[in-house]
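Notes to accompany the following structure.
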């Protein structure tokens with residue numbers, strides 16, 4: 037019993053000083069921001085934008101616990117970033133370069149969205165906005181991949197923890 041209590045206290049202290057508090061995470065403001073960025077920069081239907089917003093919120097929760105903005109949220113590797121950019125036409129590449137200079141956080145929202153959009157062209161289906169298990173499966177297959185350390189079960193737990 038003492039070990040359990042000590043472990044619980046230690047976990048609470050670590051969490052307290054990690055810079056993340058559930059109370060400090062305003063999911064609704066993040067949701068609005070992501071939706072606005074996707075609506076402006078990606079050619080998606082209203083339904084797709086809504087579902088992609090929830091998938092990117094889920095991805096940010098799983099990848100970073102919403103710890104910081106920018107690439108920390110999405111943890112896009114440099115080679116993946118280069119690959120996504122290379123798939124775009126010259127005009128979009130120029131827009132992405134300008135966006136990265138002006139607002140790195142929005143740039144990575146767009147980049148992660150483009151990765152999922154590219155995956156849609158390869159057969160990925162966007163899960164419903166509240167389907168956390170479906171989001172976990174999509175995240176693992178199309179974002180984290182087989183080589184990643186994450187699991188569907190772990191992603192699902194984080195998604196439910198942050199997004200309900």
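Residue numbers (the working numbering): 37 to 200. Backbone N, C-alpha and C define an ideal beta-carbon position, used for all residues, glycine too.
Out of the options, which one is the CA nearest neighbour of residue i?
{"i": "residue 179", "options": "199, 76, 112 and 81", "result": "112"}
{"i": "residue 63", "options": "115, 154 and 95", "result": "95"}
{"i": "residue 104", "options": "141, 158 and 159", "result": "141"}
{"i": "residue 157", "options": "138, 80 and 191", "result": "80"}
{"i": "residue 197", "options": "168, 183 and 185", "result": "168"}
{"i": "residue 128", "options": "76, 108 and 114", "result": "76"}
Enumerate in chain order the residues of its own chain whose CB-to-CB distance from residue i is below 7 Å, with the five nearest sequence positions on each side excluded.
{"i": "residue 194", "result": "97 and 98"}
{"i": "residue 106", "result": "140, 141 and 144"}
{"i": "residue 108", "result": "100"}
Taking its Cβ as the centre, do 16 or more other Cβ atoms sit within 10 Å of residue i, making it buried, or is it exposed?
{"i": "residue 83", "result": "exposed"}
{"i": "residue 191", "result": "buried"}
{"i": "residue 65", "result": "exposed"}
Suppose the cutoff is 8 Å on Cβ atoms and the five residues either side in sequence are ignored; what does the same chain contact list for residue i look like?
{"i": "residue 89", "result": "67, 70, 71, 74 and 165"}
{"i": "residue 117", "result": "147"}
{"i": "residue 86", "result": "71 and 165"}
{"i": "residue 91", "result": "152, 162, 163, 171, 174 and 175"}
{"i": "residue 154", "result": "120 and 123"}
{"i": "residue 160", "result": "152, 174, 177 and 178"}
{"i": "residue 184", "result": "176"}
Output needed for residue i: all residues of its chain with C-beta closer than 6 Å, excluding positions within five of it in sequence on either side, in chain order.
{"i": "residue 188", "result": "172, 173 and 176"}
{"i": "residue 163", "result": "170, 171 and 174"}
{"i": "residue 186", "result": "180"}
{"i": "residue 182", "result": "none"}
{"i": "residue 41", "result": "Below a pLDDT of 50, predicted positions are generally treated as unreliable, and residue 41, at 47, falls in that range; the measurement from the model is reported next regardless. Excluding positions up to five away in sequence, the list is empty."}
Throw me the rounded Cβ distance for the residue i and residue j pair, which I believe falls under 8 Å.
{"i": "residue 151", "j": "residue 120", "result": "6 Å"}
{"i": "residue 149", "j": "residue 78", "result": "5 Å"}
{"i": "residue 144", "j": "residue 110", "result": "5 Å"}
{"i": "residue 28", "j": "residue 135", "result": "Lying before the first or after the last residue shown, residue 28 is absent from the chain, which here runs from 37 to 200."}
Does any heavy atom of the ligand MN sit closer than 8 Å to the C-beta of residue i?
{"i": "residue 163", "result": "As for the ligand MN, it is missing from this structure, which has no ligand bound."}
For a minimum of 4 consecutive residues, which ranges assigned as the alpha helix (DSSP H) are wholly contained in the stretch 105 to 141? Given a length threshold of 4 residues, each whole run of the alpha helix (DSSP H) inside the stretch 105 to 141 is given here in chain order: 107 to 110, 114 to 122 and 126 to 138.
Going along the chain, which unbroken runs of the alpha helix (DSSP H) with 4 or more residues stay wholly within the stretch 171 to 198? Along the stretch 171 to 198, the alpha helix (DSSP H) does not occur as any fully enclosed run of 4 or more residues.
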